[in-house]
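According to this note's numbering, the sequence shown is numbered sequentially starting from 163.
The block underneath contains the structure these notes are about, expressed in structure tokens.
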Amino acid sequence: MIDLHTHTLFSDGVLLPAELIRRCEAKGFRGLVITDHVDYSNIDMVIPNVAKACREIAAVSKIKVFVGAELTHVRPEHIKNMVKRARDLGACMVLVHGETITEPVLPGTNRAAIEAGADILVHPGLITEEDARLAKNNGVRLEISGRKGHAYANGHVAKMAKKAGTKLVFGSDSHTPDDLLDRSRAECIARGAGLEEKDIQEMFYEAASLVGL
Ligand SMILES: [Zn+2]
Ligand SMILES: [Zn+2]
């Protein structure tokens with residue numbers, strides 16, 4: 163399993179990066195990306211500090227760990243600059259907290275993330291077919307979410323991605339140890355979203371290639 167979407171206590175998760183990494187290692191994961199919530203207030207603190215843990219641990223362990231970030235409730239007008247800022251600070255994977263149906267994320271966030279060339283637009287809710295098509299053209303992946311609430315729209319996201327030919331990836335969006343999902347559980351959620359076996363395998367292949375595994 164490679165998990166592209168996880169949180170630590172650097173945002174609203176409950177584990178230190180070292181413990182999250184160890185928990186994933188103990189579950190036999192091949193890799194993970196730590197993608198704490200960032201906005202204007204904490205981006206400069208979170209990314210470099212999580213990067214320290216990733217660097218130190220990667221040097222002595224088999225599991226591949228990467229620092230990323232999830233731009234969260236950043237105003238659509240600012241998303242492009244903030245994606246760049248996250249990359250400049252060392253994030254190797256920039257996620258944007260999309261228009262989930264469970265929070266009042268500002269309309270226009272999905273579009274701004276796609277136009278900014280974020281790596282993954284996570285839990286994009288009732289994304290339009292037009293935006294899914296634009297995501298495909300801009301090389302932005304859409305997420306099938308393992309998180310309760312965000313996952314309500316997985317079926318719609320899968321349908322739009324299929325229509326538009328957009329690449330999908332899976333993210334557990336883990337905040338606690340119990341949220342971590344192994345591959346078989348993730349595949350089960352993807353099937354529940356209506357994906358076919360071929361699509362599911364492609365989704366995990368995409369995750370692996372994103373982190374060079
Ligand atoms: Zn999110
Ligand atoms: Zn998240």
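By construction, the Cβ of each residue, glycine as well, lies at the ideal position given by its N, Cα and C atoms.
Short Cβ contact (8 Å threshold) for residue i with residue j
i	j	result
Ser334	Thr168	yes
Leu283	Val256	no
Ile225	Glu181	no
Ala369	Val331	yes
Thr271	Pro238	yes
Leu343	Gly308	yes
Lys242	Ala278	yes
Glu358	Lys325	no
Gly175	His337	yes
Ala215	Pro266	no
Arg247	Ile205	yes
Ala274	Leu304	no
Val373	Gly252	no
Ile306	Ala352	yes
Val258	Ala280	yes
Paired residues, beta bridge with residue i - DSSP
i	result
Arg303	Ile282
Gly333	Ser307
Gly164	Note that residue 164 corresponds to Ile in the displayed sequence, not to Gly. Answer by DSSP bridge pairing, in chain order: Gly193.
His199	Glu232
Whole-number beta carbon distance between residue j and residue i, since they are thought to touch under 8 Å
i	j	result
Val200	Thr234	7 Å
Val195	Phe172	Not a contact, Cβ separation roughly 13 Å.
Span of the beta strand (DSSP E), counted from its first residue to its last, around residue i
i	result
Ala315	From DSSP, Ala315 is part of no beta strand (DSSP E); its letter is neither H nor E.
Ala231	Lys226 to Leu233
Range covered by the alpha helix (DSSP H) that runs through residue i
i	result
Met365	Glu359 to Leu372
Met255	Element bounds for Met255: not the alpha helix (DSSP H) but the beta strand (DSSP E), Met255 to His259.
Asn243	Ile241 to Asp250
Val212	Ile205 to Ala220
Arg237	First-last for Arg237: undefined, no H or E at that position.
Ser173	Taken as a continuous stretch (DSSP letters only), Ser173 belongs to no alpha helix (DSSP H), as it is neither H nor E.
Just jot down, in chain order, the residues whose CB lies closer than 5 Å to any heavy atom of ligand 2.
-> Shown in chain order are the residues whose CB sits closer than 5 Å to a heavy atom of ligand 2: Glu232 and Asp335.
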